[in-house]
Amino acid sequence: MADADCPWTKDNILDFEGHSRPRVPFQNTHLEDSTHTIKVNSFLRRKVPVPIGPALPKRSDSMFAEKHARLMLIFFKPWRHALDLREPGQTWSQAYQDFLPMCDPDHLERIENMQLLHECKDSRDAHYAERR
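Here is the structure:
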């Protein structure tokens with residue numbers, strides 16, 4: 167996408183420090199390709215997503231293994247269509263296990279931190295139960 171008029175490339179778009187922020191068009195097949203673009207936020211304006219709603223499932227809870235695998239794929243695997251997340255006939259857990267070796271180390275750390283939050287909450291709850 168870099169040309170003479172474009173000071174950023176796909177390799178430096180997130181770190182680009184120019185005055186105007188890069189805008190990226192949707193693919194031609196997207197319904198809003200002629201009217202919308204995605205603007206890349208500067209480093210100082212990045213946001214931390216805070217999921218609301220039901221708690222994220224624990225990785226260690228076998229009852230919710232498929233749900234956990236599905237959510238981690240949705241959060242961390244690049245996709246454009248839901249069919250990109252797993253192969254036909256593949257379980258969510260299988261797709262997740264196939265994805266983990268290719269997963270960015272930063273994403274793996276975030277996934278681990280989600281599990282650590284669950285473990286900390288479990289320890290807190292056990293501690294308060296003992297105090298009663």
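Just so you know, we're using our numbering here: the sequence shown kicks off at 167 and counts up by one. Beta carbons are placed, not taken as given, at the ideal position from N, Cα and C, and that holds for glycine. Just so you know, these numbers come straight off a predicted model, no measurement behind them.
Under a three-way DSSP split, which group does I179 fall into? In the sequence shown, the residue the question calls residue 179 occupies position 13. Note: I179 maps to coil in three-state DSSP.
If you draw a straight line from the alpha carbon of M167 to that of R187, how long is it in whole angstroms? If you number the sequence shown from 1, residue 167 lands on position 1. If you number the sequence shown from 1, residue 187 lands on position 21. Bear in mind that a pLDDT of 46 at M167, under 50, signals an unreliable position, so the model cannot answer this.
Determine whether the beta carbon atoms of M240 and L251 lie at a separation below 8 Å. Within the sequence shown, numbered from 1, the residue matching residue 240 stands at position 74. Within the sequence shown, numbered from 1, the residue matching residue 251 stands at position 85. One detail in the question is off: residue 240 reads as Ile in this sequence, not Met. Yes; because the gap between Cβ atoms is below 8 Å, this pair is in contact.
Does the stretch 223-233 come close enough to the stretch 206-213 that 3 or more CB-CB pairs lie under 8 Å? no
Which class does M167 belong to by DSSP, given the choice of helix, strand or coil? As a first step, residue 167 is located in the sequence shown; it is residue number 1 there, counting from the start. For M167, the predicted structure reports a pLDDT of 46, less than 50, and the residue's modelled location is therefore unreliable. A value from the coordinates is still provided. The answer is coil: DSSP assigns M167 none of H, G, I, E or B.
Can you say whether H247 is buried or exposed, counting buried as having 16 or more other CB atoms within 10 angstroms of its CB? Residue numbering aside, residue 247 sits at position 81 when the sequence shown is read from its first letter. Burial call: exposed.
Spell out whether any CB of chain B is found under 8 Å from the CB atom of D227. In summary, chain B is missing from the structure at hand, where a single protein chain is found.
In the DSSP output, which residue or residues are listed as bridge partners for V190? For the purposes of this step, residue 190 is taken as the residue at position 24 of the sequence shown. For V190, which the question treats as bridged, DSSP gives the partners I204.
Let me know the secondary structure DSSP gives R297 once reduced to three states. Position 131 of the sequence shown, counted from the first residue, corresponds to residue 297. Helix at R297.
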